[in-house]
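In my numbering, the protein residues as written are 16 to 677.
For every residue, glycine included, the Cβ atom is placed at its ideal position computed from N, Cα and C.
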């Protein structure tokens with residue numbers, strides 16, 4: 016497709032086709048029936064407070080309002096995440112910058128920090144099972160890196176400040192708007208860690224390092240224990256340094272890296288500063304951005320890394336070794352984050368190989384070695400320990416004894432892959448994840464025409480195709496919305512640039528309307544955002560226990576068990592609906608699909624009405640503490656507890672802690 020196929024006069028009509036379809040879709044009763052006005056009202060109040068506070072301070076000082084916005088949201092994060100977690104994260108980020116200044120000299124600060132984080136995670140992946148992981152070790156290592164690279168760091172930070180001032184002064188009004196929207200997305204990082212997969216899986220690595228000084232993955236107890244672990248390592252290091260979870264500050268850093276990448280990509284594509292800021296706002300307004308900021312899933316880091324990889328590949332052709340080292344680091348980071356992210360990385364790597372001259376064979380081997388060293392740790396350990404490098408995926412091929420001989424497609428999310436998918440993801444979102452209508456945001460429909468027009472522009476065409484592939488490929492085997500998030504993010508800048516070229520006077524209004532609509536449906540991206548989680552977090556002022564009580568009281572019981580129970584006594588979480596055992600590390604047990612062998616044994620024990628099979632299973636697993644919900648305890652389990660003379664220790668909400676005699 017080129018300019019002869021789609022005339023300049025026809026392009027605006029094609030672009031406006033997207034908003035027209037969106038207006039038609041907004042008539043859907045299902046959409047408005049699932050709208051949560053309370054959350055939208057909370058965001059409106061917070062946004063007005065941010066605008067008013069920073070506008071007032073800007074009028075009394077010489078500081079730019081955009082810079083005050085950054086300070087405003089960071090201060091709020093300190094209140095809710097705690098100063099210790101924020102301090103540890105800042106120290107760790109400086110250490111990542113120090114490493115990145117060696118790996119990617121003269122690169123923007125965000126890219127240096129990203130590259131440094133990937134290098135750190137890649138190296139630490141090989142050392143997880145070595146008992147060296149103690150707070151003092153990491154504090155000393157981070158401080159030493161900062162001290163040794165202090166001159167390079169100072170130069171990087173000076174350059175970053177200069178670039179920031181230039182970006183803000185080029186479009187101060189839209190910079191403030193974008194930062195407010197980014198701040199509203201960052202409210203997802205305020206609550207403590209509560210999402211299901213985090214409590215059952217992702218917290219395992221950070222808490223094992225904190226409590227045991229080593230990570231000993233056991234696929235018998237957690238089938239994902241050897242899955243790609245780069246992002247969990249990055250969450251673990253600040254937590255380890257201060258003994259407090261740092262998910263919120265780490266995710267705010269990912270949001271910042273993502274925002275910087277989107278801005279830079281738009282500018283590289285020829286967009287004005289105003290359009291670049293509007294693109295940042297549009298990405299931040301996506302409902303899933305806030306939901307991902309509230310958890311430890313990999314899609315937010317994946318999106319941030321993909322944007323910077325796209326920025327590198329779409330630059331003018333370069334065949335230098337330094338360029339290919341940068342590509343190797345970013346691709347390795349994606350591979351080390353998630354197997355699906357590796358597939359996305361392959362799309363951009365293929366583009367890089369087609370676009371840029373290759374290095375000489377000797378240097379090519381050097382670049383490949385760097386990439387493999389940074390990417391391969393989890394895959395290597397998984398293969399050596401289980402026979403399947405991507406356990407539990409594709410186990411019908413690898414035949415590991417730790418999981419069923421299947422290729423583990425989640426049958427819940429097989430709604431069908433077809434041309435109507437963008438529409439259905441937007442307006443029938445519940446079919447594609449634990450979400451509500453509108454939880455995907457509205458850009459897939461509203462910017463569909465702009466994406467088509469981007470194919471007309473020769474300088475946008477390759478990136479538009481790549482963004483489309485990154486969006487589509489994850490949805491072919493399983494139609495699960497979260498997997499599409501990185502592709503949606505990558506699609507926004509290229510579509511916005513195309514829209515800006517054809518509709519220079521209208522694109523700002525379109526972007527603002529989309530941002531407002533996306534923010535209005537932010538709560539539809541995650542069920543806890545609909546149940547007052549933000550309000551409870553604000554009222555708790557950084558205290559986790561009151562928030563845990565309403566959503567996951569098992570977390571408070573786990574803290575009590577760590578304090579009061581001997582480390583040799585394992586902990587069994589009986590509830591299949593709340594298998595939140597990850598933070599207890601090697602002690603944690605749950606008879607769910609995360610541990611297929613234990614699940615099968617539990618199912619067999621349930622068939623023994625006397626409870627004796629459960630007694631034997633509990634003894635076999637060396638269980639000394641049991642966490643349960645009374646309404647979910649079966650008769651056989653109850654008889655086993657009676658036979659074992661279990662003693663009630665504590666009740667928090669619906670969750671109870673019982674101890675067995677020593």
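Residue i versus residue j - alpha carbon distance
{"i": "residue 52", "j": "residue 28", "result": "33 Å"}
{"i": "residue 669", "j": "residue 121", "result": "55 Å"}
{"i": "residue 205", "j": "residue 263", "result": "6 Å"}
{"i": "residue 552", "j": "residue 558", "result": "8 Å"}
{"i": "residue 16", "j": "residue 415", "result": "With a pLDDT of 46 at residue 16, under the threshold of 50, the modelled position of that residue is not reliable, and the figure given next carries that caveat. Roughly 47 Å separates the two Cα atoms."}
{"i": "residue 296", "j": "residue 276", "result": "12 Å"}
{"i": "residue 144", "j": "residue 616", "result": "29 Å"}
{"i": "residue 619", "j": "residue 640", "result": "21 Å"}
{"i": "residue 650", "j": "residue 365", "result": "57 Å"}
{"i": "residue 312", "j": "residue 240", "result": "14 Å"}
{"i": "residue 390", "j": "residue 25", "result": "46 Å"}
{"i": "residue 58", "j": "residue 167", "result": "39 Å"}
{"i": "residue 377", "j": "residue 116", "result": "24 Å"}
{"i": "residue 292", "j": "residue 556", "result": "31 Å"}
{"i": "residue 672", "j": "residue 254", "result": "26 Å"}
{"i": "residue 194", "j": "residue 575", "result": "40 Å"}
{"i": "residue 106", "j": "residue 172", "result": "14 Å"}
{"i": "residue 604", "j": "residue 594", "result": "8 Å"}
{"i": "residue 341", "j": "residue 632", "result": "51 Å"}
{"i": "residue 148", "j": "residue 226", "result": "10 Å"}
{"i": "residue 229", "j": "residue 300", "result": "38 Å"}
Which listed residue (the options) has its alpha carbon closest to that of residue i
{"i": "residue 518", "options": "491, 566, 219 and 462", "result": "462"}
{"i": "residue 238", "options": "256, 409 and 253", "result": "409"}
{"i": "residue 242", "options": "252, 350 and 226", "result": "350"}
{"i": "residue 438", "options": "41, 516, 228 and 380", "result": "41"}
{"i": "residue 223", "options": "633, 665, 402 and 597", "result": "597"}
{"i": "residue 431", "options": "492, 662 and 576", "result": "492"}
{"i": "residue 628", "options": "171, 656, 283 and 226", "result": "656"}
{"i": "residue 623", "options": "188, 654, 140 and 279", "result": "654"}
{"i": "residue 513", "options": "577, 152 and 526", "result": "526"}
{"i": "residue 310", "options": "344, 340 and 246", "result": "246"}
{"i": "residue 112", "options": "605, 646, 165 and 152", "result": "165"}
{"i": "residue 397", "options": "381, 411, 388 and 417", "result": "417"}
Exposed unless 16 or more other CB atoms sit within 10 angstroms - verdict on residue i
{"i": "residue 422", "result": "exposed"}
{"i": "residue 433", "result": "exposed"}
{"i": "residue 327", "result": "buried"}
{"i": "residue 663", "result": "exposed"}
{"i": "residue 583", "result": "exposed"}
{"i": "residue 282", "result": "buried"}
{"i": "residue 393", "result": "buried"}
{"i": "residue 290", "result": "buried"}
{"i": "residue 82", "result": "buried"}
{"i": "residue 569", "result": "buried"}
{"i": "residue 212", "result": "exposed"}
{"i": "residue 47", "result": "exposed"}
{"i": "residue 176", "result": "exposed"}
Proximity test, residue i beta-carbon vs the ligand PLP heavy atom, cut-off 8 Å
{"i": "residue 231", "result": "With respect to small molecules bound, the structure shown includes none, and the ligand PLP cannot be examined in it."}
Residue i: first and last residue of the uninterrupted beta strand (DSSP E) it sits in
{"i": "residue 648", "result": "Segment: none, residue 648 is in no beta strand (DSSP E) and carries neither H nor E."}
{"i": "residue 674", "result": "670 to 674"}
{"i": "residue 644", "result": "638 to 644"}
{"i": "residue 587", "result": "585 to 588"}
For residue j and residue i, believed in contact at Cβ under 8 Å, the rounded distance
{"i": "residue 271", "j": "residue 39", "result": "Contact doesn't hold; Cβ gap of about 36 Å is too wide."}
{"i": "residue 540", "j": "residue 316", "result": "17 Å between Cβ atoms; not a contact."}
{"i": "residue 250", "j": "residue 221", "result": "5 Å"}
{"i": "residue 200", "j": "residue 308", "result": "6 Å"}
{"i": "residue 503", "j": "residue 458", "result": "6 Å"}
Run of the alpha helix (DSSP H) containing residue i, from where it starts to where it stops
{"i": "residue 666", "result": "Taken as a continuous stretch (DSSP letters only), residue 666 belongs to no alpha helix (DSSP H), being part of the beta strand (DSSP E) at 662 to 667."}
{"i": "residue 100", "result": "98 to 118"}
{"i": "residue 233", "result": "Neither: residue 233 is in no alpha helix (DSSP H) and is coded neither H nor E."}
{"i": "residue 139", "result": "124 to 142"}
{"i": "residue 166", "result": "165 to 185"}
{"i": "residue 39", "result": "25 to 40"}
{"i": "residue 210", "result": "It is not in any alpha helix (DSSP H) - residue 210 carries neither H nor E in the DSSP assignment."}
{"i": "residue 289", "result": "288 to 300"}
{"i": "residue 499", "result": "496 to 517"}
{"i": "residue 400", "result": "392 to 401"}
{"i": "residue 576", "result": "568 to 579"}
{"i": "residue 363", "result": "354 to 370"}
{"i": "residue 550", "result": "548 to 555"}
{"i": "residue 74", "result": "52 to 75"}
{"i": "residue 441", "result": "436 to 442"}
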